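Just below is one structure, and these are the notes that go with it.
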């Protein structure tokens, strides 16, 4: 009796797809879908590692309006300088501060220009997660009137790779062992492994404007949560 070769793949919902050579279209050669000369099973495994973030990025803007462009630029610059002073006093290093946008836009009237809008956006990277709310509040009090963020991240994802891949491999092997047992076969050696890992998702950070006439009372509440790194592997095992 001719042995029939099967390929199994766990995908979304842990669904199982069985494909036999006899069911292949006549235009498809078996070697195109089955690159191995022996019977094998193809499975995927995954694991999730949740880690508290250790860095955060914010964009802080100062927007000013005025009748004369020169005066408006000067007024904007003075506020930005005050914001930079309080950020550095709060522990933000010079190398973690970057001007990401400077813009001068005329305010168009029906007949002529009615004034100018000047915007200076500063992007800061915070390496310490303590006192973020106090730092932002100080920036607002110094003159910032638009903030975008936070964008939290884990600076060294590679430090968690060994554990993540170990768990993903064990997940895949457990599936393969169960499937091979159901098929009346014995699980053999690994034929191939491919990495299917993904980094933490980054979502567009919300921005909010601030009316300098009202401001805030107390530090801005900021919750860090955790970043989840997903490790995934696809493994082909030989079937004995």
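Residue numbers (my numbering): 2 to 241.
The beta carbon of each residue, even a glycine, is placed where N, CA and C say it ideally should be.
Bear in mind the structure is a predicted one, so any value in this text is a computation, not a measurement.
Can you tell me whether DSSP reads residue i as helix, strand or coil?
i, result
"residue 196", "strand"
"residue 87", "helix"
"residue 267", "Residue 267 cannot be examined here, being either before or after the span of the chain that is shown, 2 to 241."
"residue 92", "coil"
"residue 228", "strand"
"residue 81", "helix"
"residue 237", "strand"
"residue 63", "strand"
"residue 190", "strand"
"residue 46", "strand"
"residue 76", "helix"
Rounding to the nearest angstrom, what Cα-Cα distance links residue i and residue j in this structure?
i, j, result
"residue 224", "residue 177", "40 Å"
"residue 228", "residue 182", "37 Å"
"residue 44", "residue 124", "43 Å"
"residue 187", "residue 240", "6 Å"
"residue 55", "residue 67", "40 Å"
"residue 238", "residue 101", "50 Å"
"residue 166", "residue 160", "12 Å"
"residue 95", "residue 126", "10 Å"
"residue 207", "residue 196", "Confidence in residue 207 is poor, its pLDDT being 48 and thus under 50, which makes the residue's placement unreliable; the coordinate value appears in the next sentence. When rounded, the distance between both Cα atoms is 33 Å."
"residue 63", "residue 144", "7 Å"
"residue 156", "residue 194", "27 Å"
"residue 175", "residue 163", "18 Å"
"residue 119", "residue 49", "45 Å"
"residue 105", "residue 76", "13 Å"
"residue 233", "residue 198", "5 Å"
"residue 81", "residue 52", "34 Å"
Anyone know if the C-beta pair for residue i and residue j falls short of 8 Å?
i, j, result
"residue 46", "residue 173", "yes"
"residue 137", "residue 221", "yes"
"residue 158", "residue 230", "yes"
"residue 41", "residue 168", "no"
"residue 103", "residue 115", "no"
"residue 59", "residue 134", "no"
What does DSSP give as the partner residue(s) for residue i in the beta ladder?
i, result
"residue 166", "According to DSSP, residue 166 bridges with nothing at all."
"residue 57", "127, 153"
"residue 52", "228"
Sequence ranges, alpha helix (DSSP H) only - wholly within the stretch 91-145, length at least 4
133-143
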